[in-house]
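Residue numbers (our numbering): 252 to 470. I have placed the structure first, in the form of structure tokens, so that the comments after it can refer back to it.
Structure (structure tokens):
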């Protein structure tokens, strides 16, 4: 199917494509079908200024490749110890690849601003000290009951409850990303270059010796 056939348009003209399986099939495309796919995916360069990919949780092989292929990545963690451990394990794997990756950190579901700042500071300082990574603190989002309500109502909370604490923080994060202009002004060809970099990392594990795992120990 053509990309336009699988895109769904939401509020504000934002378009999205539901995720699913298919990465293994993408990796194993022959050269002819790969050329066709890259030609079709290049249409996204004309239809969007910003493309966000939600990889979901976990440090799987494909998640690592997506992060390494992206122009910029936003790491989202909650204050729970297990969530912080998982986020740090993912960061550790990224660090072990030796690749220059632009990472931003968002702490989600914080009780107050003090908790958000504390978690972000400890995480970024640990990453800098033990992994040599400079992770920029993008901000935090409050633990807001309106989020749970909006999920049940199947309406994004920033639309259903625009004045809620979580919605205001989302707007701050979006403004911070746009204002800092963190994406390099180079001719990257957008989504096409991302796919090419992703496919180029298929044998990355064999060349560099890293082994993605959901149970990677925290150092």
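We put the CB at the ideal spot given by N, CA and C, even for glycine.
Looking only at its own chain, which residues have a Cβ that is under 8 Å from the Cβ of residue 438, when we skip the five neighbours before and after it? Because residue 438 carries a pLDDT of 47, less than 50, the predicted location of this residue cannot be relied on, and no value is offered for it.
Rounded C-alpha distance that separates residue 290 from residue 446: If I take the Cα positions, the gap works out to 11 Å.
Apart from the five residues on each side of it in sequence, which residues of its chain come closer than 8 Å, Cβ to Cβ, to residue 404? 411
Separation of residue 263 from residue 444, as counted between CA atoms: 27 Å
Separation of residue 400 from residue 323, as counted between CA atoms: 31 Å
Separation of residue 307 from residue 292, as counted between CA atoms: 21 Å
What's the call for residue 373, buried or exposed, on a 16-neighbour Cβ count within 10 Å? exposed
Contact set for residue 385: own chain, Cβ-Cβ below 7 Å, skip 5 residues either direction: 379
Here's the rule I'm using: 16 or more other beta-carbon atoms within 10 Å means buried, otherwise exposed. How should residue 281 be labelled? Classification of residue 281: exposed, given that the 10 Å Cβ count is below 16.
If you count every other CB in all the chains shown that lies within 10 Å of the CB of residue 376, and 16 or more means buried, which is it? exposed
Coil, strand or helix - residue 412 by DSSP: coil
From which residue to which residue does the alpha helix (DSSP H) around residue 381 run? Careful: residue 381 lies outside any alpha helix (DSSP H) and carries neither H nor E.
Give the DSSP-derived three-state secondary structure of residue 260 in the structure shown. strand
Are three or more beta carbon pairs between the stretch 325 to 332 and the stretch 356 to 368 nearer than 8 Å? yes
Excluding the 5 residues preceding and the 5 following residue 270 in the sequence, name in chain order all residues of the same chain whose CB lies nearer than 8 Å to its CB. Cβ neighbours of residue 270 beyond the five flanking positions: 305, 307.
Sorted by chain position, which residues of the same chain lie with C-beta nearer than 6 Å to residue 391's C-beta, five sequence neighbours on each side aside? 358, 361, 367
So what does DSSP say about residue 426, is it helix, strand or coil? helix
For a test of the three-state rule: what should DSSP assign to residue 325, helix, strand or coil? DSSP, read as helix, strand or coil, puts residue 325 in strand.
Is the beta carbon of residue 429 sitting closer than 8 Å to the one on residue 320? no
With DSSP as the reference, identify every bridge partner of residue 266, one or two as the case may be. 260
Taking its Cβ as the centre, do 16 or more other Cβ atoms sit within 10 Å of residue 341, making it buried, or is it exposed? Using a 10 angstroms sphere on the CB of residue 341, the tally of other CB atoms reaches 16 or more, which defines it as buried.
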